[in-house]
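Trainee: Residue numbering for the sequence shown follows our numbering, starting at 310 and increasing by one per position.
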Amino acid sequence: MRFPVSNLDLDQANKSISLTTRQSQRHQLSWRIFNVRPTHMHMSHSISKLIGAAFLSLLFAATTPAQSLTPEAIVDDFVKAWNSHDVKAFDWLFTADAVWVPVAEARIVGDADVIKGFEEIHTTWAKQTAIAARDIKVQSVRPDVVVILFHAKFMEDGKEVPVLDRAMIIVAVKQADGWRIAAGQLTKQHEGA
310 MRFPVSNLDL
320 DQANKSISLT
330 TRQSQRHQLS
340 WRIFNVRPTH
350 MHMSHSISKL
360 IGAAFLSLLF
370 AATTPAQSLT
380 PEAIVDDFVK
390 AWNSHDVKAF
400 DWLFTADAVW
410 VPVAEARIVG
420 DADVIKGFEE
430 IHTTWAKQTA
440 IAARDIKVQS
450 VRPDVVVILF
460 HAKFMEDGKE
470 VPVLDRAMII
480 VAVKQADGWR
490 IAAGQLTKQH
500 EGA
């Protein structure tokens, strides 16, 4: 037999009963008896609320991206963000005052503007692209600052497109919640390559 979880259940149960007056009175009496719950039922209800809250927080944590735990993970996380074409995947990669140089003529400052730039290209030419990182080199400047150099190879059908190679340089800083990009620059290969 199911015990009511709340007064709302009791009210709904009482409203849905379509019995004769005498049967209805007996049935309402039995519901009133069940409404007086022993302490252990209240505790189990509290425990189920606690378990539910813990489950929801674990679910939220599983769907919330974690910070990059190592400098090397920054590159992997950047590639995953690019290949997902979901601008929200870039949100947590950058420091608040990040500087991004996508071409020699432009310097973008601030994570909101950097991410806006990624949003613009991922709704146009970049939305059909995929990249892979190659030749990754991490150079430590100090324990909380590194320079990361790598090649972003554009992919088509799982194969590298030889004429679309970009060298990238990233300055990453360690913050309380993990590593983030403080500065980055894309460099196109020269015309003769």
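Where a beta carbon is used, it is the ideal one built from N, C-alpha and C, also for glycine.
Can you list, in chain order, the residues of its chain with a C-beta nearer than 7 angstroms to that of V384? Leave out the 5 residues immediately preceding and following it.
Mentor: Position 75 of the sequence shown, counted from the first residue, corresponds to residue 384. Hits under 7 angstroms: A442, I445, I457 and F459.
Trainee: Buried or exposed: D386, going by 16 or more other Cβ atoms within 10 Å of its Cβ?
Mentor: On the sequence shown, residue 386 is found 77 positions in, with the first residue counted as 1. When all chains shown are included, D386 counts as buried.
Trainee: Quick one: grab the DSSP three-state call for G493.
Mentor: For the purposes of this step, residue 493 is identified with residue 184 of the sequence shown, where counting begins at 1. If DSSP states are grouped into helix, strand and coil, G493 belongs with the strands.
Trainee: Along the chain, where does the alpha helix (DSSP H) that runs through K425 open and close?
Mentor: Position 116 of the sequence shown, counted from the first residue, corresponds to residue 425. It spans D420 to H431 - the alpha helix (DSSP H) in which K425 sits, taken as one unbroken run.
Trainee: Quick one: what's got a C-beta closer than 6 angstroms to W449's C-beta in the same chain, skipping five residues either side?
Mentor: Sequence index remark: in the sequence shown, residue 449 carries index 140 (1-based). Correcting the residue identity first, residue 449 is Ser in this sequence and not Trp. Around S449: V455.
Trainee: What are the boundary residues of the alpha helix (DSSP H) that includes P380?
Mentor: Position 71 of the sequence shown holds residue 380. Where P380 is concerned, the enclosing alpha helix (DSSP H) stretches over P380 to S393.
Trainee: If I479 and K462 are in contact, beta carbons under 8 angstroms, what's the gap, nearest whole angstrom?
Mentor: Here residue 479 corresponds to residue number 170 of the sequence shown, with the count starting at 1. Here residue 462 corresponds to residue number 153 of the sequence shown, with the count starting at 1. In fact, because the Cβ distance is near 16 angstroms, the residues do not count as touching under 8 angstroms.
Trainee: Can you tell me whether G493 is buried or exposed? The criterion is at least 16 other CB atoms within 10 Å of its CB, across all chains shown.
Mentor: Working through the sequence shown from its first residue, we reach residue 493 at position 184. Under this definition G493 is a buried residue.
Trainee: Indicate whether R489 and F427 have their beta-carbon atoms separated by less than 8 angstroms.
Mentor: Numbered from its first residue, the sequence shown carries residue 489 at position 180. Numbered from its first residue, the sequence shown carries residue 427 at position 118. Contact flag unset, no.
Trainee: Between the alpha carbons of P452 and T432, how many angstroms are there, rounded?
Mentor: Within the sequence shown, residue 452 is the residue found at index 143, counting from 1. Within the sequence shown, residue 432 is the residue found at index 123, counting from 1. So the two alpha carbons sit approximately 37 angstroms from each other.
Trainee: Tell me, please, which residues DSSP counts as bridged to G487.
Mentor: Position 178 of the sequence shown, counted from the start, is the residue given in the question as residue 487. For G487, which the question treats as bridged, DSSP gives the partners Q484.
Trainee: Please look up how many angstroms separate the CB atoms of V418 and V408, rounded, as I've assumed it's under 8 angstroms.
Mentor: Mapped onto the sequence shown, residue 418 falls at position 109. Mapped onto the sequence shown, residue 408 falls at position 99. Going by Cβ atoms, the distance from V418 to V408 rounds to 5 angstroms, so yes, they are a contact pair.
Trainee: Taking only three categories from DSSP, how would you classify V472?
Mentor: The sequence position of residue 472 within the sequence shown is 163, counting from 1. DSSP places V472 in strand when its eight states are reduced to three.
Trainee: Please report the Cβ distance between A503 and A405, rounded to the nearest whole angstrom; I am assuming they are in contact, meaning their Cβ atoms lie under 8 angstroms.
Mentor: Because the chain here runs from 310 to 502, residue 503 falls outside it and cannot be looked at.
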